[in-house]
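For the sequence shown, my numbering assigns the number 261 to the initial residue and increments by one for each residue that follows. We put the CB at the ideal spot given by N, CA and C, even for glycine. In this text, all values refer to a predicted model and were calculated from it rather than measured experimentally. Just below is one structure, and these are the notes that go with it.
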Amino acid sequence: MGCCEGFVKIYLLIGCFFDAALGIACIVLSAYASKVDEDLFYKQNYKDYKKDFCIALYVLGGVTIATGILGAYGFLKKMKCLQSIFIILNIIYCAAFAAIFGLSIYAKNYINDQMTDSQCLSGDMADYNTVFEQLQGVWCNIDLLNATGSVSCPCLATNLSQWSDSELQQIRNTKKAFKQNTNWVPIPTETVLTCNYFIEYIAQQKADEIKLLEAVERNFKCTGVCSGDLVYYFNDINSGRPDNADGCYHQIRDKLIDWSGYIYIISIIIAVITFLNVFLAFVNCCIGNKPQNYSETKRVEQY
Numbered sequence: 261m262g263c264c265e266g267f268v269k270i271y272l273l274i275g276c277f278f279d280a281a282l283g284i285a286c287i288v289l290s291a292y293a294s295k296v297d298e299d300l301f302y303k304q305n306y307k308d309y310k311k312d313f314c315i316a317l318y319v320l321g322g323v324t325i326a327t328g329i330l331g332a333y334g335f336l337k338k339m340k341c342l343q344s345i346f347i348i349l350n351i352i353y354c355a356a357f358a359a360i361f362g363l364s365i366y367a368k369n370y371i372n373d374q375m376t377d378s379q380c381l382s383g384d385m386a387d388y389n390t391v392f393e394q395l396q397g398v399w400c401n402i403d404l405l406n407a408t409g410s411v412s413c414p415c416l417a418t419n420l421s422q423w424s425d426s427e428l429q430q431i432r433n434t435k436k437a438f439k440q441n442t443n444w445v446p447i448p449t450e451t452v453l454t455c456n457y458f459i460e461y462i463a464q465q466k467a468d469e470i471k472l473l474e475a476v477e478r479n480f481k482c483t484g485v486c487s488g489d490l491v492y493y494f495n496d497i498n499s500g501r502p503d504n505a506d507g508c509y510h511q512i513r514d515k516l517i518d519w520s521g522y523i524y525i526i527s528i529i530i531a532v533i534t535f536l537n538v539f540l541a542f543v544n545c546c547i548g549n550k551p552q553n554y555s556e557t558k559r560v561e562q563y
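In structure tokens:
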């Protein structure tokens with residue numbers, strides 16, 4: 261019994277340490293999640309969920325650290341009150357993260373079901389892709405709707421070494437206002453954001469879509485959603501070549517799946533650890549009571 265009791269007590273102290281470590285991890289994860297570009301969440305309620313998630317994770321981290329410290333003190337000093345608090349909070353954590361584990365499975369399946377339209381033929385992604393294709397018609401190009409054929413959004417591309425010869429030929433074949441000097445009217449710009457045509461005819465009408473397209477380009481180093489391009493639109497066109505010319509659809513999908521996978525792994529680890537904490541805390545209570553009862557029985561027999 262002494263060996264078993266020693267193992268339980270050592271594990272519980274380790275479990276308290278794990279609680280504190282998990283609390284720190286939650287705070288770090290909250291800080292990391294808060295830095296995720298808000299414009300990637302294309303609906304306001306998604307942005308609100310993200311904020312609430314970060315706050316909840318931060319608070320949970322603080323409470324979990326306190327639980328680990330109180331638990332360790334309670335088991336070292338054999339204080340039943342603190343041990344009880346440790347057990348109750350770990351039961352809550354176990355149930356909460358078991359639920360999060362289930363939600364992460366649902367989220368992963370939902371992403372796999374929803375992100376199957378790599379051509380952006382319908383849904384929200386189709387709307388964003390349509391706006392990008394509208395930008396393709398004007399950035400570094402001639403406004404074909406303009407009877408005079410005047411340039412709508414000429415781009416100033418001075419760092420041509422970022423593209424291969426074949427890519428430059430492809431760009432010049434499709435973009436008639438791809439310029440290397442400022443001797444042009446209107447004056448070429450490095451991003452579509454400073455193009456007068458864009459500001460007057462697209463920016464205000466498609467503000468939400470533009471925010472997401474800009475965030476996608478900024479975070480994934482590619483352009484568009486299902487349609488892509490060899491040049492940047494919102495980053496400086498001379499800052500380098502996009503990682504691919506096929507759009508950012510797969511990068512977006514992979515990032516969402518990665519996040520759901522991280523939550524899946526973290527939640528199951530925490531659920532298992534907190535379950536073991538609760539189980540062995542109860543075992544410790546039983547072990548702690550038995551010697552006392554045994555001694556009382558021996559004293560009665562001797563009397």
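Under the DSSP definition of a beta bridge, which residues are partnered with residue i?
i    : result
K439 : L416
W399 : C413
T449 : C415
Using C-beta distances below 8 Å, list every residue in its chain close to residue i, excluding the 5 sequence neighbours before and after it, in chain order.
i    : result
Y271 : L536, L540
L395 : V452, F458, I462, L473, Y493
Q440 : L416, A417, T418, L420
Q430 : L490
What's the C-alpha gap between residue i and residue j?
i    : j    : result
G507 : W444 : 30 Å
A437 : Q465 : 24 Å
D384 : V485 : 11 Å
A285 : N433 : 52 Å
L416 : S487 : 22 Å
N350 : V538 : 6 Å
E460 : I526 : 47 Å
F335 : N372 : 45 Å
K295 : Y370 : 24 Å
L468 : N504 : It is Asp, not Leu, that sits at residue 468 in the sequence shown. Taking the straight line joining both Cα atoms gives about 24 Å.
A280 : T327 : 7 Å
W399 : A355 : 53 Å
I523 : K471 : 27 Å
G397 : D489 : 12 Å
M375 : R513 : 6 Å
I528 : Y309 : 22 Å
I325 : C545 : 23 Å
W519 : T442 : 44 Å
I533 : I274 : 10 Å
I348 : K368 : 30 Å
G521 : S364 : 7 Å
C360 : N305 : Per the sequence shown, the amino acid found at residue 360 is Ile instead of Cys. If you take the alpha carbons of I360 and N305, they lie about 19 Å apart.
K311 : I287 : 14 Å
S344 : F542 : 9 Å
V276 : V476 : Here the sequence assigns Cys to residue 276, which means Val is not the residue at that position. About 41 Å.
I517 : F346 : 34 Å
K340 : Y366 : 39 Å
K307 : V323 : 25 Å
Q511 : K303 : 19 Å
According to DSSP, is residue i part of a helix, a strand, or is it coil?
i    : result
N504 : coil
K368 : helix
V296 : coil
M339 : coil
G484 : coil
I287 : helix
Q465 : coil
K303 : coil
F494 : coil
C545 : helix
S382 : coil
T534 : helix
C354 : helix
D514 : helix
C455 : coil
T434 : helix
D489 : coil
W519 : helix
S421 : helix
T327 : helix
Would you mind giving the Cβ-Cβ distance between residue i and residue j, rounded to the nearest angstrom? I have them listed as a contact below 8 Å.
i    : j    : result
Y333 : L342 : 6 Å
G321 : G283 : 4 Å
N389 : K435 : Not a contact, Cβ separation roughly 19 Å.
K515 : P502 : So it is not a contact: roughly 16 Å between Cβ atoms.
Ordered along the chain, which non-local residues of its own chain (more than five positions away) have a Cβ less than 7 Å from that of residue i?
i    : result
I498 : The residue you asked about is not Ile; residue 498 is Asn in the sequence shown. Contacts found: A417, T418, N419, E450.
G500 : Q422
N479 : D297, L300
F313 : A293
I530 : L282, Y353, F357
F392 : L473, G484, V485, S487
L428 : L420
I329 : A280
For residue i, I'd like the list of residues in its chain whose CB is within less than 6 Å of its CB, leaving aside the five on either flank, ordered along the chain.
i    : result
C455 : C413, T449
Y509 : S378, V485, C486
S290 : C314, L317, Y318
V491 : I497
C380 : A386, N389, V485, C486
F278 : I533
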